[in-house]
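Engineer: Numbered according to the working numbering, the sequence shown spans residues 422 to 742. Glycine included, C-beta positions come from ideal geometry on N, C-alpha and C. Next up is a structure, given as structure tokens.
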Amino acid sequence: MVKFTQIAMKILLVDDARSVVQVMTFRLVSYGYEVVYAENGKVAVDRFSETSPDLVLMDIEMPVMNGFESASRIRALEAQEQWAWTPIIFLTSSDTVQNLVTAIEAGGDDFMSKFVPEPVLHAKMMAMGRIATLRQRLSVANEKLQNLADHDGLTGLVNRRSMDTKLDLLWFESIPAKTAFSLLMLDIDNFKKYNDHYGHQSGDVCLRRVAHSIEATTLESNATGQTKDAFAARYGGEEFAVIVPAASRQAVQALATTIVERVRLLSIPHELNAEWGIVTISVGGAYMDVAEGELVSLFRLADARLYRAKSSGRNCAVMED
Ligand code: GH3
Ligand code: MG
Ligand code: MG
Ligand code: MG
């Protein structure tokens with residue numbers, strides 16, 4: 422016998438006939454599976470959304486909503502997610518060829534008699550259990566890959582590519598909401614000198630600590646309700662961006678000031694950083710009414726102000742012209 426460690430499947434069992442439900446539930450539970458029950462196709466759609474089962478066993482003829490209609494609705498729900506496809510096996514008392522074709526066309530994957538001999542049911546469930554286990558492993562692997570693709574390897578912050586995607590989405594959402602949108606561009610001061618003096622490895626450690634500080638301050642600002650959905654990204658090299666949708670001018674100003682302050686408080690030694698002797702950052706920020714401008718102008722403004730922060734002495738945030 423093939424050895425395969427399976428997950429304990431959660432099975433959504435849909436049937437209006439009590440006797441069928443009783444027998445099936447008894448057997449499925451005895452195999453170690455969890456059973457969620459629905460008495461018709463409509464309830465099944467709700468239960469499906471609520472419980473995310475690994476497998477659906479669905480009767481065809483039921484009051485309120487039949488199995489085919491229910492399966493179509495479940496598939497429509499799944500169509501909103503890229504990799505979702507939960508196996509649906511129709512249960513029936515008449516396994517005619519036409520029924521099988523209609524079942525597959527309605528989004529079902531297989532077809533089984535309600536009076537299937539117990540060993541056959543057990544074997545089929547084992548086979549479905551293997552598929553469910555692989556699906557779960559695939560989903561975990563996919564999530565890990567997505568996470569790797571979206572984050573910068575050194576700092577763990579959202580990377581530039583992922584930032585652009587999130588940014589477009591947030592900007593787009595802000596248009597009908599008529600909210601403001603803000604951007605902070607941040608850059609470590611005299612970082613080339615840091616690398617030259619302390620070495621590239623130490624530079625990496627420093628970059629990571631500064632990144633974490635920027636992110637922590639941003640998340641703290643979200644947590645206290647000053648901002649909402651603000652996030653930090655590694656823009657490139659020793660430059661970062663903080664995207665702040667729908668926050669007041671004062672809140673963004675406060676966030677920028679706190680970020681600069683918190684980096685200073687890290688007290689990372691940097692002998693060659695002007696008179697401070699510790700690592701500091703400069704920030705350029707822009708606040709804009711979404712209806713009045715474009716995303717590119719927001720970047721241009723923040724960039725120009727970052728340049729001013731640098732030329733006016735560094736270790737500060739410039740938020741206005
Ligand atoms: P300024 O205050 O004007 O920003 O001066 P700066 O020296 O920080 O600016 P510059 O653009 O001249 O140098 C940026 C430095 O950041 C150069 C580059 O080696 C360093 N850097 C960029 N990415 C990394 C990284 O991933 N690790 C390390 N260790 N250094 C990096
Ligand atoms: Mg029925
Ligand atoms: Mg720099
Ligand atoms: Mg730079």
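Work out the CA separation of residue 738 and residue 628 for me, nearest whole Å.
Structural biologist: For the purposes of this step, residue 628 is identified with residue 207 of the sequence shown, where counting begins at 1. For the purposes of this step, residue 738 is identified with residue 317 of the sequence shown, where counting begins at 1. Cα to Cα, residue 628 sits roughly 19 Å from residue 738.
Engineer: So, using beta-carbon positions, are residue 507 and residue 477 closer together than 9 Å?
Structural biologist: Locating residue 507 in the sequence shown gives position 86, counting from the first residue. Locating residue 477 in the sequence shown gives position 56, counting from the first residue. Contact: yes.
Engineer: DSSP on residue 572, reduced to helix/strand/coil?
Structural biologist: The sequence position of residue 572 within the sequence shown is 151, counting from 1. Correct three-state label for residue 572: strand.
Engineer: On the three-pair Cβ rule with 8 Å, is the stretch 712-720 touching the stretch 669-682?
Structural biologist: Segments in contact, no.
Engineer: Would you list the one or two residues that DSSP bridges to residue 513?
Structural biologist: As a first step, residue 513 must be located in the sequence shown, where it is residue number 92. Partner(s): 534.
Engineer: Determine the burial state of residue 691: buried for a count of at least 16 other Cβ atoms within 10 Å of its Cβ, exposed for fewer.
Structural biologist: What you label residue 691 is simply residue 270 of the sequence shown in a count that begins at 1. The residue is buried, with at least 16 neighbouring Cβ atoms inside 10 Å.
Engineer: Could you tell me whether the stretch 646-655 touches the stretch 691-700, using the rule of 3 or more Cβ pairs below 8 Å?
Structural biologist: Because the criterion of three Cβ pairs below 8 Å is not met, the stretch 646-655 and the stretch 691-700 do not touch.
Engineer: Taking a contact to mean a Cβ-Cβ separation below 9 Å, would you say residue 607 touches residue 703 in this structure?
Structural biologist: The residue labelled residue 607 in the question sits at position 186 within the sequence shown. The residue labelled residue 703 in the question sits at position 282 within the sequence shown. For residue 607 and residue 703, yes; Cβs fall inside 9 Å.
Engineer: Going by beta carbon distance, what residues of the same chain come within less than 6 Å of residue 475, once the five residues before and after it are set aside?
Structural biologist: As a first step, residue 475 is located in the sequence shown; it is residue number 54 there, counting from the start. Here the set comprises 430, 431 and 553.
Engineer: Let me make sure I understand the geometry here. Which of 568, 677 and 670 has the alpha-carbon closest to that of residue 661?
Structural biologist: Translated into the one-based positions of the sequence shown, residue 661 becomes position 240. If we check each option's Cα against that of residue 661, 677 comes out closest.
Engineer: Count the C-beta pairs between the stretch 595-603 and the stretch 659-673 that are closer than 8 Å, then say yes if the count reaches three, no if not.
Structural biologist: With a cut-off of 8 Å, the stretch 659-673 and the stretch 595-603 count as touching, because enough Cβ pairs lie within range.
Engineer: Could you tell me the alpha carbon to alpha carbon distance between residue 666 and residue 591, rounded to whole angstroms?
Structural biologist: Residue mapping note: residue 666 aligns to position 245 of the sequence shown, counting from 1. Residue mapping note: residue 591 aligns to position 170 of the sequence shown, counting from 1. Distance between the alpha carbons of residue 666 and residue 591: 7 Å.
Engineer: Kindly indicate the opening and closing residues of the alpha helix (DSSP H) around residue 735.
Structural biologist: Within the sequence shown, residue 735 is the residue found at index 314, counting from 1. Note, residue 735: premise wrong, no alpha helix (DSSP H); not H, not E.
Engineer: Strictly by DSSP, which residues pair up with residue 707?
Structural biologist: In the sequence shown, the residue the question calls residue 707 occupies position 286. Looking at the DSSP assignment, residue 707 forms a beta bridge with 604.
Engineer: Measure the alpha-carbon distance for residue 549 versus residue 512 and round it to whole angstroms.
Structural biologist: Stepping through the sequence shown from its first residue, residue 549 is reached at position 128. Stepping through the sequence shown from its first residue, residue 512 is reached at position 91. If you take the alpha carbons of residue 549 and residue 512, they lie about 15 Å apart.
Engineer: Taking a cut-off of 5 Å, which residues have a beta-carbon closer than that to any heavy atom of ligand 2, in chain order?
Structural biologist: Going along the chain, the residues that qualify are 437, 480, 482 and 483.
Engineer: Measuring straight from C-alpha to C-alpha, what distance separates residue 439 and residue 556?
Structural biologist: Numbered from 1 along the sequence shown, position 18 holds the residue referred to as residue 439. Numbered from 1 along the sequence shown, position 135 holds the residue referred to as residue 556. Rounded to the nearest angstrom, the two C-alpha atoms are 31 Å apart.
Engineer: Along the chain, where does the alpha helix (DSSP H) that runs through residue 434 open and close?
Structural biologist: Looking up residue 434 in the sequence shown gives position 13. Where residue 434 is concerned, there is no enclosing alpha helix (DSSP H), although the beta strand (DSSP E) it sits in stretches over 431-435.
Engineer: Kindly list the residues whose CB is nearer than 7 Å to the CB of residue 452, restricted to its own chain and excluding five residues on each side of it in sequence; keep chain order.
Structural biologist: Here residue 452 corresponds to residue number 31 of the sequence shown, with the count starting at 1. Once the five neighbours on either side are set aside, the close Cβ partners of residue 452 are 543 and 546.
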